[in-house]
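Trainee: Take a look at the following structure, please.
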Amino acid sequence: MADAAETVKKTVEQTAAKAKAQAESIQAAGAKAFREGVDKSVASLTELNAQGKKNLEAVVESAAAAQKGAEALSQQALAYSKKSWEDGVAAAQSFSQARSVQELFELQTNWAKSAAEAYLAEFGKATETLTASVKDSFKPINERVSATVEQFQAAR
594 MADAAETVKK
604 TVEQTAAKAK
614 AQAESIQAAG
624 AKAFREGVDK
634 SVASLTELNA
644 QGKKNLEAVV
654 ESAAAAQKGA
664 EALSQQALAY
674 SKKSWEDGVA
684 AAQSFSQARS
694 VQELFELQTN
704 WAKSAAEAYL
714 AEFGKATETL
724 TASVKDSFKP
734 INERVSATVE
744 QFQAAR
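Going by our numbering, the sequence shown opens with residue 594, and the numbers climb by one from there.
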């Protein structure tokens with residue numbers, strides 16, 4: 594009976610030692626998995642932060658380009674308005690010097706034709722400036738979208 598008790602005692606001690614070793618192994622594996630998960634989360638947050646910073650920089654660059662385009666359009670409009678006013682004053686002076694109704698109509702027709710041509714030319718110039726401004730404004734954002742799409746495709 595003493596042998597049986599001794600055998601049971603040894604079996605219990607061996608089983609307890611194995612259980613303790615398994616528990617420590619499981620605990621170590623869990624701690625390792627937790628650390629790896631935290632490391633991946635931190636790396637993901639760091640990457641997300643970097644992407645957010647790049648996106649913000651693209652928005653700021655886009656806004657700066659839009660402002661530059663708006664300033665260019667404003668300057669063009671101001672210059673055209675000034676020239677148009679000066680041309681109108683000059684035309685009014687020439688109208689007042691007309692010697693006949695026929696000459697007045699000819700002067701007025703020529704002025705109207707040149708004013709319309711100047712307006713169309715200015716409109717074309719403003720359209721080109723606006724188109725370039727929009728293109729320049731969207732360029733940084735388009736580049737960020739393309740880079741993000743490429744990252745998602747590479748991650749697949």
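All residues carry an ideal CB built from backbone N, CA and C; glycine is no exception.
All figures in this text were calculated on a predicted structure; none of them were measured in a lab.
Is there contact between the stretch 711 to 731 and the stretch 637 to 652, where contact requires at least three CB pairs shorter than 8 Å?
Mentor: no
Trainee: What's the call for SER674, buried or exposed, on a 16-neighbour Cβ count within 10 Å?
Mentor: What you label residue 674 is simply residue 81 of the sequence shown in a count that begins at 1. Classification for SER674: exposed.
Trainee: I need the straight-line Cα distance from ALA670 to GLY662, nearest angstrom please.
Mentor: Locating residue 670 in the sequence shown gives position 77, counting from the first residue. Locating residue 662 in the sequence shown gives position 69, counting from the first residue. Computed Cα separation, rounded: 12 Å.
Trainee: Let me know the secondary structure DSSP gives ARG749 once reduced to three states.
Mentor: Sequence index remark: in the sequence shown, residue 749 carries index 156 (1-based). The answer is coil: DSSP assigns ARG749 none of H, G, I, E or B.
Trainee: Taking LEU697 and ALA705 to be in contact with their CB atoms under 8 Å, please state how far apart those CB atoms are, rounded to whole angstroms.
Mentor: Counted from its first residue, the sequence shown places residue 697 at position 104. Counted from its first residue, the sequence shown places residue 705 at position 112. Contact flag wrong, Cβ pair sits at about 12 Å.
Trainee: Are ALA708 and ASP680 closer than 9 Å when you measure CB to CB?
Mentor: Indexing the sequence shown from 1 puts residue 708 at position 115. Indexing the sequence shown from 1 puts residue 680 at position 87. In contact: ALA708 and ASP680 (Cβ atoms closer than 9 Å).
Trainee: How would you write the range of the alpha helix (DSSP H) that GLN660 sits in, first residue to last?
Mentor: By 1-based counting over the sequence shown, the position of residue 660 is 67. GLN660 -> alpha helix (DSSP H) spans 595 to 689.
Trainee: Could you name the residues of the same chain whose beta carbon sits closer than 8 Å to that of LYS613, not counting the 5 residues immediately before and after it, in chain order?
Mentor: Sequence index remark: in the sequence shown, residue 613 carries index 20 (1-based). For LYS613, where only same-chain residues beyond five positions count, there are no Cβ hits under 8 Å.
Trainee: Considering only C-alpha positions, which residue in the set ILE734, GLU743, SER730 and ALA748 is nearest to ALA658?
Mentor: Locating residue 658 in the sequence shown gives position 65, where the first residue counts as 1. Of ILE734, GLU743, SER730 and ALA748, the residue nearest in Cα terms is SER730.
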